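Residue numbers (our numbering): 1 to 227.
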């Protein structure tokens, strides 16, 4: 049996335990026992134990989001609405909110914070790629960084939302997207202003040398610097 198959089995076996024990060693051991997988094989598939399972759970949600984006007709939506729809699909892919809540707790720990940030960045990268983003310069980074902020804040709001159908969460998400769009409009007007654009010519010339990561790199960072 391959490592991905073992990890999938362990993840499914772990889910019922996460609500009680979190993404912990206790959950990992219980999952291995329930799945009938020896600890040696389990460790080979998940060297970091429950942390690897928590990341696999996040990736599972990303995959479900992409599948739904491929099914839905987004062609009649404005671009901002497509971004909002993608974030909504990602949250609606979650069957048990408690698993996400426990994941937020795990990745809030200092020694796991980088893993959490990479997971969020990966989700936002997948959204932009699915929406056909063609940026190759510094905008590649700013789009993902901005969406990471929107996504993170929306997740936290959603975790505490008890409104029917999470209507308040979707309203919150729309407001955050609108805020981003307003910032983009301000930036566009600044570029049209001769005085402001002149003052920014130096800094912008530096940013113009930044390129997105080379093909084949994982994690989205670092990028490239062109001469």
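Note that beta-carbon positions come from the ideal geometry of N, C-alpha and C, so glycine has one too.
For clarity, every value in this text was computed on a predicted model and none was experimentally measured.
Length of the line joining the Cα atoms of residue i and residue j
| i | j | result |
| --- | --- | --- |
| residue 166 | residue 172 | 10 Å |
| residue 36 | residue 10 | 9 Å |
| residue 17 | residue 52 | 15 Å |
| residue 102 | residue 164 | 22 Å |
| residue 15 | residue 99 | 7 Å |
| residue 161 | residue 110 | 26 Å |
| residue 245 | residue 181 | Lying outside 1 to 227, the shown extent of the chain, residue 245 is not represented and no answer is given. |
| residue 60 | residue 77 | 26 Å |
| residue 156 | residue 114 | 18 Å |
| residue 93 | residue 67 | 10 Å |
| residue 64 | residue 80 | 21 Å |
| residue 131 | residue 83 | 8 Å |
| residue 42 | residue 29 | 9 Å |
| residue 176 | residue 129 | 20 Å |
Any C-beta of chain C under 9 Å from that of residue i
| i | result |
| --- | --- |
| residue 132 | The chain inventory of the structure shown lacks chain C, comprising one protein chain alone. |
The alpha helix (DSSP H) enclosing residue i, as first and last residue numbers
| i | result |
| --- | --- |
| residue 99 | 97-107 |
| residue 155 | 138-159 |
Residue i Cβ short of 8 Å to the ligand FMN heavy atom set
| i | result |
| --- | --- |
| residue 47 | Ligands displayed in this structure: none; no statement on the ligand FMN is therefore possible. |
Cβ distance (whole Å) where residue i is taken to contact residue j below 8 Å
| i | j | result |
| --- | --- | --- |
| residue 69 | residue 86 | 6 Å |
| residue 151 | residue 134 | 21 Å between Cβ atoms; not a contact. |
| residue 126 | residue 62 | 6 Å |
| residue 25 | residue 49 | 6 Å |
| residue 96 | residue 212 | Rounded, the Cβ-Cβ distance is 35 Å, inconsistent with contact. |
- Message: Which runs of the alpha helix (DSSP H) at least 4 residues long sit entirely within the segment 23-87? Give them in chain order.
- Response: 25-35, 39-45, 50-71
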